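See below for the structure under consideration.
Protein chains in written order, with the working numbering: chain R, 36 to 370; chain U, 36 to 370.
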């Protein structure tokens, strides 16, 4: 028995399977990344190719770690989707064009090892709770602000999935009960997609906005400015240089994010909120400061102003590390 | 050790200490109420008198149960206040005019037995989870819609207080980010106080509203109609008879309550929501139906439509029963 409990202490693979890139790492028994690889996801090429690329990426990460596949004890995968935790299957990943994919089953056959699959922000939250901003804290709410908005919760040291295994869908919280579709939720107002959409709408009123310059650099097929040129890095650059349009839109979204966090902490009474994702990481401290200001005005009771809102410490590695650590902890508990 | 674990299986007293009334019960080892008493709180007479009345009420409930005070093993008290769970003290009970009252210490000296003190909706949620609408369910969110709005959560079978011990303040969730003070929160829109306020504002547009009749029955000192005449029972009567003003205001509030529940379930992914309190109980099924309709439209993902929204089963006894059961469970675990 004692022997079996020891089993999952060796090297584990973690995969952060995103809509654009997949990031793969091998971690040692202390959670240190000892090998890495990175691939384009190229979801449009179809599921089989994505899976083959994932397997090949894992092999490459092992090489990088100077390990053979046989040395790896298990793999954890964070998928951009609601996940059926019991079955380890992807319910619906819009970014990948996947529906009901039994990813755990497929990957454990391909890799010949136990595999654990969970939602991408759940695994990132787990990573932060074990090795990052939430280390040594029993409870946290993680919110990832990127192309979309996702969340995950750690309660009493464990990922909280709830009886239906869907917990954490913070992006879908309705902020404006009276507003129409596309203008109601947190994601509708605070994701990168939403920020860019607002900026494009208001651009006509800001003839001097720096955004024009970036838009003119990249044109779409019809020669029109391409909003996808405005990534989080561009937003951050314009923000830090004081572009009035970008400031206006970003500050308003930080205000709403702070209010949403306050509502959730008012109900849950947690100690720590970890903010991650492209938007939050690129905009950095000034963004966090405005989120916090708004949070403090709204949260009830005032004693909850002691709740800390901190940036992700693991950054881009949160998902990959978290997936590996979650695999280890889950499989060790099953023993 | 086995002997000590047995200790808290005898009769326990539960007190639901409200701003207007206190309801007291003695429960046996199976959670059956074997004795009762009820008193006016009369908070205006001061803390000492309220506490004396509570002690006297407990003695009377024991007589009713044909037990002596020596037979009682412990007491649980639900207070209308944020409670410092570690100290068992009332932080601030507006209804009672109490601030920082070490109620556990005071009562355990007076009663010469262990006492447990928690927030009134926390204990009601606990009661429902053990003997009422949440029986045999590990997780639930309870929302009590009365003069104000309070909430409590059971996660993994335990009351969730959070690291700051304030969890459940659902009444303070902001629904309208842009609105002014008094018009922002769930409580501002859906408590009985809020419903009556809205109705009084709109009364001029509804010359035939049945509410006028009730208002004319009770006048305040200056001979003006007294809105406090409009209790939950009056609202329910007008609602069931189809009074357009009451319907309009109540239906709008049910819509907002359903949306708020949807937001919380979207994040927490719980299986059961229990609605209690004067407003919810008096308005009954039609109210619950509208809350549920609104909930289903908003909740994400759609699989969460399987979450049940059910009425309190313990009704007025939820707090008293829950306080007693919480005392038993808490003290048994401490052993």
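Even for Gly, the Cβ is constructed at its ideal location relative to N, Cα and C.
All figures in this text were calculated on a predicted structure; none of them were measured in a lab.
For residue i and chain R, any beta-carbon pair shorter than 9 Å?
i, result
"residue 341 of chain U", "yes"
"residue 198 of chain U", "yes"
"residue 157 of chain U", "no"
"residue 305 of chain U", "yes"
"residue 115 of chain U", "no"
"residue 137 of chain U", "no"
"residue 330 of chain U", "no"
"residue 133 of chain U", "no"
"residue 202 of chain U", "yes"
"residue 218 of chain U", "no"
"residue 179 of chain U", "no"
"residue 285 of chain U", "no"
"residue 208 of chain U", "yes"
What does a CB cutoff of less than 6 Å around residue i pick up in its chain, not counting 5 residues either side in sequence?
i, result
"residue 71 of chain U", "60, 96, 99"
"residue 150 of chain U", "110, 139, 142, 143"
"residue 45 of chain R", "108"
"residue 173 of chain R", "191, 192"
"residue 69 of chain R", "61, 63, 100"
"residue 366 of chain R", "43, 109, 149"
"residue 352 of chain R", "none"
"residue 301 of chain R", "334, 335"
For residue i, count neighbouring Cβ atoms within 10 angstroms of its own Cβ and tell me buried if that reaches 16, exposed if not.
i, result
"residue 103 of chain R", "exposed"
"residue 115 of chain U", "buried"
"residue 274 of chain U", "buried"
"residue 168 of chain U", "buried"
"residue 39 of chain R", "Bear in mind that the predicted position of residue 39 of chain R carries a pLDDT of just 46, short of 50, making it too unreliable to give a figure here."
"residue 55 of chain R", "exposed"
"residue 354 of chain U", "buried"
"residue 290 of chain U", "buried"
"residue 83 of chain U", "exposed"
"residue 49 of chain U", "buried"
"residue 197 of chain U", "buried"
"residue 219 of chain U", "buried"
Excluding sequence positions up to five away, which residues of its chain have a Cβ less than 8 Å from the Cβ of residue i?
i, result
"residue 261 of chain U", "250, 253, 254, 255"
"residue 283 of chain U", "237"
"residue 457 of chain U", "Only positions 36 to 370 of chain U appear in the structure, and residue 457 of chain U is not among them; the question remains open."
"residue 281 of chain R", "234, 244, 245, 246, 270, 273, 274"
Taking the alpha-carbon of residue i as reference, which of the options has the nearest alpha-carbon?
i, options, result
"residue 199 of chain U", "R:175, R:194, R:186", "R:175"
"residue 165 of chain U", "U:56, U:191, U:133", "U:191"
"residue 63 of chain U", "U:350, U:89, U:106, U:336", "U:106"
"residue 91 of chain R", "R:80, R:81, R:79, R:73", "R:73"
"residue 288 of chain R", "R:309, R:328, R:132", "R:328"
"residue 310 of chain R", "R:303, R:218, R:302, R:292", "R:292"
"residue 277 of chain U", "U:312, U:171, U:369, U:241", "U:241"
"residue 57 of chain R", "R:341, R:87, R:65", "R:87"
"residue 163 of chain U", "U:83, U:325, U:226, U:308", "U:308"
"residue 313 of chain R", "R:323, R:305, R:266", "R:266"
"residue 180 of chain R", "R:348, R:339, R:156", "R:156"
"residue 212 of chain R", "U:125, U:332, U:360", "U:332"
"residue 53 of chain R", "R:205, R:306, R:154, R:135", "R:154"
"residue 118 of chain R", "R:158, R:315, R:184, R:77", "R:158"
"residue 203 of chain R", "R:210, R:186, R:215", "R:186"
"residue 146 of chain R", "R:121, R:112, R:130", "R:112"
"residue 120 of chain U", "U:129, U:136, U:130", "U:136"
"residue 184 of chain U", "U:339, U:258, U:226, U:209", "U:226"
"residue 299 of chain R", "U:152, U:285, U:210, U:229", "U:210"
Please decide whether residue i counts as near chain U, where near means a Cβ-Cβ distance under 9 Å.
i, result
"residue 72 of chain R", "no"
"residue 173 of chain R", "yes"
"residue 279 of chain R", "no"
"residue 298 of chain R", "yes"
"residue 244 of chain R", "no"
"residue 126 of chain R", "yes"
"residue 251 of chain R", "no"
Apart from the five residues just before and just after residue i, which ones in its own chain have a Cβ nearer than 7 Å to its Cβ?
i, result
"residue 217 of chain R", "223"
"residue 132 of chain U", "78"
"residue 215 of chain R", "none"
"residue 36 of chain U", "At residue 36 of chain U the pLDDT is 39, less than 50, meaning the model places this residue with poor confidence; the figure from the coordinates comes in the next sentence. Closer than 7 Å at Cβ, skipping near neighbours: no residue."
For chain A, find out if any of its Cβ atoms is closer than 9 Å to the Cβ of residue i; answer yes or no.
i, result
"residue 186 of chain U", "Here chain A cannot be found, since the structure's protein chains are R and U."
Exercise for the section: Could you tell me which uninterrupted beta strand (DSSP E) segments, each at least 3 residues in length, are contained entirely in the segment 69 to 139 of chain R, listed from first to last along the chain? Expected result: 109 to 114, 117 to 119, 124 to 128, 133 to 136
Problem - Any alpha helix (DSSP H) of 4 or more consecutive residues that is wholly inside the segment 241 to 276 of chain U - result: 246 to 252, 267 to 275
Practice task
Can you check the segment 272 to 340 of chain R for any alpha helix (DSSP H) of at least 4 residues that lies completely inside it and give the ranges in chain order?
Solution key: 279 to 303, 313 to 333
Problem - Ordered list of beta strand (DSSP E) runs contained in the segment 169 to 242 of chain U, each at least 3 residues - result: 175 to 180, 184 to 190
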